[in-house]
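Numbering (the UniProt record's numbering), first residue to last: 1 to 772.
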């Protein structure tokens with residue numbers, strides 16, 4: 001095999017590979033390419049056609065071109081409009097460029113012609129086998145691709161030169177230019193034959209798959225046309241039968257779908273249900289179920305939102321008008337508004353208001369909705385024990401309906417209302433499912449973007465709902481659910497706060513509610529104070545409002561019966577309207593006593609004080625606790641006596657004292673259950689006072705848990721306890737040192753008029769409490 005080298009111009013092709021034995025034309029307009037063609041025309045009209053590796057390169061460099069191409073002879077040049085030249089070339093032979101030069105205004109290079117190898121090693125029989133094999137594949141291709149020219153096919157089938165045939169197949173079959181370039185670069189005839197067969201077989205498979213897809217599309221189109229004709233016929237039949245209602249309703253539903261603000265997925269789902277409803281017929285038992293489901297989907301606010309009022313000053317004004325105090329709640333709402341104003345969006349927080357009954361948790365949510373101009377939805381969760389109440393029932397059940405969350409959205413009419421989950425701590429579980437777990441998805445900011453109600457079956461976006469939950473206690477709420485909410489404590493109201501609330505809100509409300517006006521009834525400040533102290537015992541103001549309502553009713557009757565124009569309620573005539581006082585505060589003892597210490601307790605209706613009494617009597621070392629105490633208080637008492645025994649030598653207590661004497665601890669009101677970790681130091685002080693026969697100051701009250709080593713541990717409910725101490729006229733309150741941050745947060749009016757000492761050990765407690 002001889003190798004011929006020569007210098008010739010190079011034409012760079014974009015997205016095109018030209019093989020030998022091929023007559024083809026292409027357009028050129030790049031200056032570098034036009035110059036190469038013109039130089040070729042001045043010489044022997046031959047150029048080397050090389051394909052670019054990247055068709056997008058405008059000014060190709062030697063490294064941008066493949067090294068193997070085709071030597072071609074220029075047969076014709078035609079000038080077209082727009083400086084375009086159409087070039088017709090005849091591919092002659094394969095060649096490899098050895099060196100490319102760029103010193104001229106065109107590319108040229110030293111080219112080495114490459115003849116096919118391996119042909120001389122093939123026998124006549126092998127060549128015949130090659131020809132027959134490739135031609136049989138060609139015939140199959142011609143059957144699958146009827147667009148292939150019959151003349152070209154006939155020419156290829158009659159060709160007996162294997163090299164020429166392989167070039168013709170690569171040129172005329174719809175291979176990609178990358179595949180053609182790969183075939184051009186293969187020097188060995190057997191390898192090129194194998195690659196051509198594989199590429200040709202792949203093209204046959206592509207044509208078959210394409211044909212199958214076209215057949216399926218045609219079949220589907222024909223089926224849709226058939227369904228349309230049959231549906232029109234069915235419509236006429238129903239009209240003849242007088243069954244027009246379902247069709248009319250379906251058309252109405254379809255028109256509502258077009259107006260609905262929802263995603264395409266939701267609309268497609270509703271349209272599918274409407275089509276199903278149309279085919280059911282008016283008399284079908286499923287018809288009413290399907291109708292109800294469609295109407296529910298159409299009434300849900302999928303993408304409908306209301307515009308929030310972002311005016312912070314207005315929000316503060318509304319909250320202050322509706323509620324006195326509640327500083328933490330108001331601050332949190334204003335912070336939420338501020339973030340919304342700056343970010344234009346912001347995640348809606350999930351707030352849980354925790355506090356005793358009657359402290360305004362539910363009404364504050366209504367005021368927040370009013371301040372933000374949000375739609376308000378209240379969902380009462382007290383006693384809910386079925387998971388379906390939250391997630392909805394599956395439509396397979398008779399009487400299925402959506403859950404309370406989705407129903408609340410439907411009632412609100414927008415996807416961003418304020419939703420109040422009232423009494424979330426009173427949710428319960430039974431065999432029908434875990435209701436708390438269902439609420440996890442609702443109250444998780446990461447999950448509630450695609451909340452799925454079993455009845456709706458489509459994801460509902462709850463991320464823009466402002467959830468506010470209320471609870472009396474967090475003890476019954478599972479930890480995972482509690483973790484998803486932002487807790488804000490709504491504590492007991494002080495005497496001063498109750499008086500303000502009564503004067504600014506409750507009296508006006510009850511006067512209006514009972515048909516009176518402000519001229520007909522007036523209540524003095526002393527009377528309001530007397531009602532709070534003598535007729536109510538609560539953390540909130542619910543009973544206070546009831547008592548004011550009771551006064552208004554009796555005044556209304558009095559005005560009608562005696563023709564009075566106005567009635568004034570004072571501290572002196574209050575008993576006439578409300579009867580005898582119901583409650584009296586257990587005030588401090590007048591004298592210091594032995595074995596009696598005043599403790600502070602938190603109750604569901606606020607704070608209270610309780611006296612702990614200890615008696616020591618001759619016996620056999622018996623330790624007795626009475627007063628219906630819980631396990632925690634019993635353990636605190638045992639820890640207290642162990643601490644006292646450990647320090648008995650410091651107080652001169654005989655070693656056999658605890659073996660020869662009985663100790664009896666009693667907390668009055670034995671019928672009332674008492675438990676909690678805040679009476680440890682109180683019981684220990686009372687016991688040590690009785691054992692050492694030392695008096696305890698009557699004007700001291702204390703709260704805190706005790707350890708075996710005499711350390712004082714922190715407690716909760718401090719605000720309520722301080723209020724109870726003030727009501728009992730206590731002068732000094734002992735509080736655990738670790739509760740200092742709670743003391744700092746209390747309003748000034750609560751701590752005014754009472755001394756608070758922070759204690760860390762029992763030694764400090766005893767130094768303040770025992771009379772020296």
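Virtual Cβ for every residue (Gly too), placed ideally from N, Cα, C.
Counting along the chain, where does the beta strand (DSSP E) carrying residue i start and finish?
i, result
"residue 6", "5-13"
"residue 46", "46-51"
"residue 664", "661-666"
"residue 112", "108-113"
"residue 69", "68-80"
"residue 421", "418-422"
"residue 486", "486-489"
"residue 368", "Premise fails: residue 368 lies in the alpha helix (DSSP H), 361-372, not in any beta strand (DSSP E)."
"residue 596", "596-603"
Under three-state DSSP, which class holds residue i?
i, result
"residue 654", "coil"
"residue 475", "coil"
"residue 95", "strand"
"residue 646", "helix"
"residue 22", "coil"
"residue 194", "helix"
"residue 90", "strand"
"residue 338", "helix"
"residue 261", "coil"
"residue 117", "strand"
"residue 455", "coil"
"residue 1", "The predicted model places residue 1 with a pLDDT of 44, which falls under 50 and marks its position as unreliable; any figure quoted below should be read in that light. Coil."
"residue 765", "helix"
"residue 482", "helix"
Give the range of the alpha helix (DSSP H) segment to which residue i is assigned.
i, result
"residue 438", "435-443"
"residue 583", "Neither: residue 583 is in no alpha helix (DSSP H) and is coded neither H nor E."
So the candidates are the options; which of them puts its Cα closest to the Cα of residue i?
i, options, result
"residue 270", "390, 286 and 291", "291"
"residue 468", "486, 651 and 459", "486"
"residue 526", "515, 502, 508 and 393", "502"
"residue 617", "576, 659, 81 and 552", "659"
"residue 303", "314, 274 and 263", "263"
"residue 775", "494, 545 and 523", "Look at the range of the chain in this structure, 1 to 772, and you will see that residue 775 is not part of it."
"residue 608", "685, 561, 642 and 729", "729"
"residue 416", "465, 700 and 451", "465"
"residue 277", "253, 701, 82 and 265", "253"
"residue 406", "455, 144 and 89", "455"
"residue 330", "556, 307 and 361", "361"
"residue 761", "709, 92, 309 and 11", "709"
"residue 298", "764, 63 and 258", "258"
"residue 26", "66, 77 and 42", "77"
"residue 733", "689, 19, 588 and 635", "588"
"residue 64", "138, 55 and 133", "55"
"residue 579", "619, 591, 531 and 436", "531"
"residue 111", "125, 96 and 123", "96"
"residue 419", "364, 215 and 494", "364"
Do you know offhand how far residue i's Cα is from residue j's?
i, j, result
"residue 288", "residue 460", "24 Å"
"residue 184", "residue 17", "9 Å"
"residue 683", "residue 515", "53 Å"
"residue 621", "residue 665", "13 Å"
"residue 154", "residue 180", "22 Å"
"residue 402", "residue 480", "25 Å"
"residue 434", "residue 386", "7 Å"
"residue 286", "residue 223", "26 Å"
"residue 445", "residue 463", "6 Å"
"residue 537", "residue 376", "31 Å"
"residue 178", "residue 221", "36 Å"
"residue 754", "residue 663", "33 Å"
"residue 645", "residue 713", "20 Å"
"residue 436", "residue 408", "18 Å"
"residue 704", "residue 711", "10 Å"
At least one CB of chain D closer than 9 Å to the CB of residue i: is that the case?
i, result
"residue 377", "Reference to chain D is not applicable here, since this structure consists of a single protein chain."
### Task
Jot down the residue ranges of each uninterrupted beta strand (DSSP E) in the segment 514-568, minimum 3 residues, whole runs only, in chain order.
521-523
### Message
Runs of 4 residues minimum, wholly inside the segment 126-212: which ones carry the alpha helix (DSSP H) assignment?
### Response
150-158, 162-172 and 177-185
### Complete alpha helix (DSSP H) runs within the segment 610-643 (minimum length 4 residues, chain order)
none
### Query
Can you give, in chain order, each stretch of the beta strand (DSSP E) that sits fully within the segment 293-333 and has at least 3 residues?
none
### Message
For a minimum of 4 consecutive residues, which ranges assigned as the alpha helix (DSSP H) are wholly contained in the segment 686-763?
### Response
718-727, 740-745 and 748-751
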